[in-house]
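Take a look at the structure below.
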Amino acid sequence: MASLRFGRLAVITLLAACGVASAQTPGDTISRIKSTKTITLGVREAARPFSYLDENKRPVGYSVDLCLAAVEELKRELKLPELQVQYKVVSGAERIPKLLAREIDLECGSTTNTKARQEQVAFSYTMFVAQMRVLTPKDTPVTTLKDLDGLPLALSKGTTSEKLFTRLAETEVHLKLQVFPNNNEAYAALKAGKVRAFAQDDSLLQGLASADGSADKFQLSTLALSVEPYGVMVRKDDKALLAAVDRTLARLYASGEADTLYRKWFVGDKLAIKMSRMTRDSILRPNKEAGVAMVLGYQL
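Using full-length UniProt numbering, you'd call the opening residue of the sequence shown number 1 and step up by one each time.
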């Protein structure tokens, strides 16, 4: 879609993670966007294929494209000939704090809509539904929780997998957990043999393994531990901004443009993730249902 191309935006600025927060008062984000003609998107460094930095350090991915579509919607609604897009890279642990600190306006990554997070932020319509699984070497299949007993297992800080596996280690099975700052470091530990398993959403694990050509060396567990519906994150007091994002997603879903974007990012030579029934249902019937930890029987 031409309107989503990186080059169509007037000015693109990749902000350092330590950037200064915008001076705003609660709920005035739309007014500030209109007056400054600037919006800041929070992106991830390695949440492939949703949000990551390409070889030129430019933010790209499925979630980024959806957010850029929302930017185009805002340009039309606010009658702005140009709307400058700034980017700030955020980690899993800092994405909510930086959103609440008003350092970013939208978080365009792979963030699961959970009941716990809903107490702090708001979510758009679901844009993808993943399942939490475990990535292991080919010689270490995981079909039940007991298969993880005693295995050194990597987790990424600030994620639902960290929360769920910490709980599992307390109540269900003996686990040797190692928490890493981000997905890249957790995956590197798995490749180096420092851990024997890496727990994360299946789509993100597939994205990591396919990016460096190592997909044939690892396998995903048949065991699925949770349902993880992703949404664009917005501050709870930014109802007008959230409504604009929801209108954009509803339009993309109804027109079939979301299917085109899905094929762009999920169907290729290196990565092939068929659209799941749950993701398809979310497109046919837009919703904001929270994730659920199936293995423990409670909402995330």
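Positions of the beta carbon are idealized from the N, C-alpha and C atoms, including for glycine.
Item, Value
"Pair within 8 Å by beta-carbon distance, Asp-238 and Thr-40", "no"
"Sequence-distant residues of its chain with Cβ nearer than 8 Å to Pro-286 (five each side left out)", "Tyr-125, Thr-126, Asp-246, Leu-249, Ala-250 and Tyr-253"
"Beta carbon of Met-132 nearer than 8 Å to that of Ala-199", "yes"
"The beta strand (DSSP E) enclosing Thr-38, as first and last residue numbers", "38–43"
"Spatial neighbours of Thr-36 in its chain, beta-carbon cut-off 7 Å, leaving aside the 5 residues before and after", "none"
"Classification of Asp-65 by the beta-carbon crowding that lies within 10 angstroms, buried from 16 upward", "buried"
"Whether Lys-88 touches Glu-103 by CB criterion (8 Å)", "yes"
"Option nearest Val-195 by Cα separation, candidates Asp-139, Asp-54 and Leu-153", "Leu-153"
"Limits of the unbroken alpha helix (DSSP H) element including Asp-246", "239–255"
"Alpha helix (DSSP H) runs contained entirely in the region 34–113, provided each spans 4 or more residues", "62–77 and 95–100"
"Rounded Cβ spacing between Val-134 and Ser-276 (contact assumed at less than 8 Å)", "The pair is not a contact, with the Cβ atoms about 18 Å apart (cut-off 8 Å)."
"Selected residue, minimal CA-CA separation from Lys-157, among Ala-211, Asn-184 and Phe-50", "Asn-184"
"Simplified DSSP state of Asp-212, which is helix, strand or coil", "coil"
"DSSP bridge partner residues for Glu-228 (one or two, in chain order)", "Ala-130"
"Of the residues Glu-55, Asp-105 and Ser-110, the one placed nearest Ser-63, counting alpha carbons only", "Ser-110"
"Burial state of Gln-120 (16 or more Cβ within 10 Å)", "exposed"
"Contact check, Ala-224 vs Met-294, beta carbons under 8 Å", "yes"
"Buried versus exposed, by CB contacts within 10 Å (16 or more), Pro-81", "exposed"
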